[in-house]
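Okay, so here's the structure we're looking at.
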Amino acid sequence: MGRNIKLEQLDFRLLKVFIAMLRERHVGRAADALGMSQPAVSTQLARLRGIAGDPLFVRNAQGMQPTPLAREWATPVAGALAALEQALNPPSGFDPAASRRSFIVYMTDVGQTLILNRLVSRIAAAAPGVRLRMVTAWEGALAERLDDGALDLAVGWIPQLKARKTSTLLFKDRYVGVREAPPRGRPAAGPARYAVADVPRSAHQIVAERFRLRALEPVVTSSNFFMLSELLAGTSLTAVVPGHLARLWASRRDGLRIEELPFQLPGMSIRMHWSAGNWRDEGIDWLRGQVVASVRDCGALLEPPRETRRRAGTAKT
Numbered sequence: 111m112g113r114n115i116k117l118e119q120l121d122f123r124l125l126k127v128f129i130a131m132l133r134e135r136h137v138g139r140a141a142d143a144l145g146m147s148q149p150a151v152s153t154q155l156a157r158l159r160g161i162a163g164d165p166l167f168v169r170n171a172q173g174m175q176p177t178p179l180a181r182e183w184a185t186p187v188a189g190a191l192a193a194l195e196q197a198l199n200p201p202s203g204f205d206p207a208a209s210r211r212s213f214i215v216y217m218t219d220v221g222q223t224l225i226l227n228r229l230v231s232r233i234a235a236a237a238p239g240v241r242l243r244m245v246t247a248w249e250g251a252l253a254e255r256l257d258d259g260a261l262d263l264a265v266g267w268i269p270q271l272k273a274r275k276t277s278t279l280l281f282k283d284r285y286v287g288v289r290e291a292p293p294r295g296r297p298a299a300g301p302a303r304y305a306v307a308d309v310p311r312s313a314h315q316i317v318a319e320r321f322r323l324r325a326l327e328p329v330v331t332s333s334n335f336f337m338l339s340e341l342l343a344g345t346s347l348t349a350v351v352p353g354h355l356a357r358l359w360a361s362r363r364d365g366l367r368i369e370e371l372p373f374q375l376p377g378m379s380i381r382m383h384w385s386a387g388n389w390r391d392e393g394i395d396w397l398r399g400q401v402v403a404s405v406r407d408c409g410a411l412l413e414p415p416r417e418t419r420r421r422a423g424t425a426k427t
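Sequential numbering from 111 applies to the sequence shown in this note's numbering.
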């Protein structure tokens with residue numbers, strides 16, 4: 111913006127408020143995270159806005175969203191604060207049992223269904239004071255939110271992050287069909303009738319796009335996968351879903367059959383991503399280990415089905 115800011119105009123608390131607002135996008139939650147009153151945070155934010163000559167955060171339906179200048183500041187300010195804190199307070203070890211830390215984790219909704227209950231159980235047992243804030247939608251680029259400290263981890267099939275070096279593969283998967291099995295002795299009725307999820311701003315939009323390319327018209331299109339599960343009862347619909355989700359449904363409900371699809375869809379790599387700036391953060395290292403262990407706890411849900419059926423008269427293309 112062409113405005114020169116002198117270092118002596120700033121202090122540590124102002125920058126802490128700035129980073130807390132980046133993470134929380136809400137004055138009240140930022141105040142809680144900092145152990146300050148809400149009026150005190152508002153006062154500091156007003157002071158910082160005056161110094162910057164910019165509103166820094168503006169309100170919309172998703173909360174207080176950073177302006178372009180705030181986004182420009184985010185990564186260097188977060189990095190500088192982290193370096194200063196580490197220099198003044200060298201890591202003395204993360205004690206899960208004593209910690210009262212809060213972590214912010216982006217996780218796709220399908221990932222939450224599979225992993226989250228196991229992750230919460232593990233954390234409750236090992237670190238009862240630790241808190242998780244889970245988000246499934248985020249304003250702006252996830253890579254920036256990881257690097258500016260607004261997110262601690264991002265978990266899921268997130269192609270926009272595939273080039274990052276700070277990630278680890280959790281498991282791979284592919285799409286399958288899942289439907290209610292016909293009564294014994296009665297053949298499946300006619301050609302497959304599909305239900306798909308066209309999830310906004312998600313890699314899973316590829317399914318609906320591939321249907322359109324093949325000039326196929328799903329009988330039902332939903333904005334999420336979980337509505338599809340309810341549609342299977344008493345219908346001949348085949349839901350197109352990730353394999354681990356199909357196996358989860360089948361483990362909870364009798365009479366579901368998992369089938370191969372008659373056409374190819376891209377495979378999925380479910381990964382965990384973090385920031386290179388957190389390499390000395392033992393708390394995030396611990397949390398990453400809990401995520402990996404929670405995935406391991408899923409067991410057979412992540413293994414390919416032993417008997418995936420292909421619909422009669424169809425062939426892969």
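Where a beta carbon is used, it is the ideal one built from N, C-alpha and C, also for glycine. Since we're looking at a predicted model, the values are computed, not measured.
Quick one: grab the DSSP three-state call for Cys-408. Translated into the one-based positions of the sequence shown, residue 408 becomes position 298. Reduced to three states, the DSSP call for Cys-408 is coil.
Ranges of the alpha helix (DSSP H) found wholly within the region 214-272, counting only runs of at least 4: For the region 214-272, whole alpha helix (DSSP H) runs of length 4 or above, ordered along the chain, are 227-236 and 252-257.
Can you have a look at Gln-400 and say buried or exposed, based on whether 16 or more other CB atoms are within 10 angstroms of its CB? Looking up residue 400 in the sequence shown gives position 290. Looking at its Cβ environment, which holds 16 or more other Cβ atoms inside 10 Å, Gln-400 is buried.
Grab me the residues of Leu-124's own chain with a C-beta within less than 7 Å of its C-beta, minus the 5 sequence neighbours each way, in chain order. As a working mapping, residue 124 is identified with position 14 in the sequence shown. Excluding its 5 nearest sequence neighbours in each direction, Leu-124 has C-beta neighbours in its own chain below 7 Å: Gln-154, Arg-157 and Leu-158, listed in chain order.
Consult DSSP for Ser-312 and reduce its assignment to one of helix, strand or coil. Position 202 of the sequence shown holds residue 312. Coil, per DSSP.
With a threshold of 7 Å on Cβ separation, who are the neighbours of Arg-359 within its own chain once the five nearest residues in sequence on each side are excluded? Your numbering for residue 359 matches position 249 in the sequence shown. Note that residue 359 corresponds to Trp in the displayed sequence, not to Arg. Excluding sequence neighbours, Trp-359 sits near Val-288, Ser-339 and Leu-366.
Beta-carbon within less than 7 Å of Ala-193's beta-carbon, same chain only, minus the 5 sequence neighbours each way: which residues are those? Sequence index remark: in the sequence shown, residue 193 carries index 83 (1-based). For Ala-193, where only same-chain residues beyond five positions count, there are no Cβ hits under 7 Å.
Does Ala-356 have its Cβ less than 8 Å from a Cβ in chain D? In the structure shown, chain D cannot be found, because there is only a single protein chain.
Taking Cβ positions, are Leu-166 and Pro-178 nearer each other than 8 Å? The sequence position of residue 166 within the sequence shown is 56, counting from 1. The sequence position of residue 178 within the sequence shown is 68, counting from 1. Taking 8 Å as the Cβ cut-off, Leu-166 and Pro-178 do not qualify as a contacting pair.
Grab the span of the beta strand (DSSP E) containing Leu-136 for me, first residue to last. To locate residue 136, count along the sequence shown from 1; it is residue 26. With the sequence shown as reference, residue 136 is identified as His, and Leu is not the correct amino acid for it. First-last for His-136: undefined, no H or E at that position.
Please return the same chain residues whose Cβ sits closer than 8 Å to the Cβ of Gln-222, not counting the five positions on each side in sequence. What you label residue 222 is simply residue 112 of the sequence shown in a count that begins at 1. Met-244 and Thr-246, listed in sequence order.
Taking only heavy atoms of the ligand SAM into account, decide whether any of them is closer than 7 Å to the Cβ of Gly-344. Annotation note on the ligand SAM: not contained in the displayed structure, which lists no ligands.
So, with DSSP's three-state summary, where would you put Ser-361? As a first step, residue 361 is located in the sequence shown; it is residue number 251 there, counting from the start. Helix, per DSSP.
How about Met-131 and Arg-284: do their beta carbons lie closer than 8 Å? One-based indexing of the sequence shown puts residue 131 at position 21. One-based indexing of the sequence shown puts residue 284 at position 174. No.
Using 8 Å as the threshold, is the region 368-378 in touch with the region 196-216, meaning 3 or more CB pairs across them? Counting Cβ pairs under 8 Å, fewer than three are found: no touch.
For the putative contact between Ser-404 and Leu-229, defined by C-beta atoms under 8 Å, what is the C-beta separation to the nearest angstrom? The residue you call residue 404 lines up with position 294 of the sequence shown. The residue you call residue 229 lines up with position 119 of the sequence shown. Contact between Ser-404 and Leu-229 holds, since their C-beta atoms are separated by about 4 Å, short of 8 Å.
Out of curiosity, what's the CA-to-CA distance linking His-136 and Val-168? Within the sequence shown, residue 136 is the residue found at index 26, counting from 1. Within the sequence shown, residue 168 is the residue found at index 58, counting from 1. Each residue's alpha carbon lies about 10 Å from the other.
Val-151 beta carbon less than 8 Å from that of Lys-140: For this step, residue 140 is matched to residue 30 along the sequence shown. For this step, residue 151 is matched to residue 41 along the sequence shown. Note on residue identity: the sequence assigns Ala, not Lys, to residue 140. Cβ distance < 8 Å, so Ala-140 and Val-151 count as in contact.
Give a yes or no on whether the C-beta atoms belonging to Asp-262 and Ile-380 are separated by under 8 Å. Locating residue 262 in the sequence shown gives position 152, where the first residue counts as 1. Locating residue 380 in the sequence shown gives position 270, where the first residue counts as 1. No.
For Leu-280, count neighbouring Cβ atoms within 10 angstroms of its own Cβ and tell me buried if that reaches 16, exposed if not. On the sequence shown, residue 280 is found 170 positions in, with the first residue counted as 1. By the Cβ neighbour-count rule, Leu-280 is buried, with 16 or more other Cβ atoms within 10 Å of its own.
Where Val-330 and Ala-235 are concerned, what is the direct C-alpha to C-alpha distance, given to the nearest angstrom? As a position in the sequence shown, residue 330 is number 220, starting the count at 1. As a position in the sequence shown, residue 235 is number 125, starting the count at 1. So the two alpha carbons sit approximately 41 Å from each other.
For the alpha helix (DSSP H) containing Met-337, list its first residue and its last residue. Sequence index remark: in the sequence shown, residue 337 carries index 227 (1-based). That run of the alpha helix (DSSP H) goes 336-341.
contact_flag[the region 181-193, the region 206-224] where n(CB pairs < 8 Å) is 3 or more: Remark: fewer than three beta-carbon pairs, one from each stretch, lie closer than 8 Å, so the region 181-193 and the region 206-224 are not flagged as touching.
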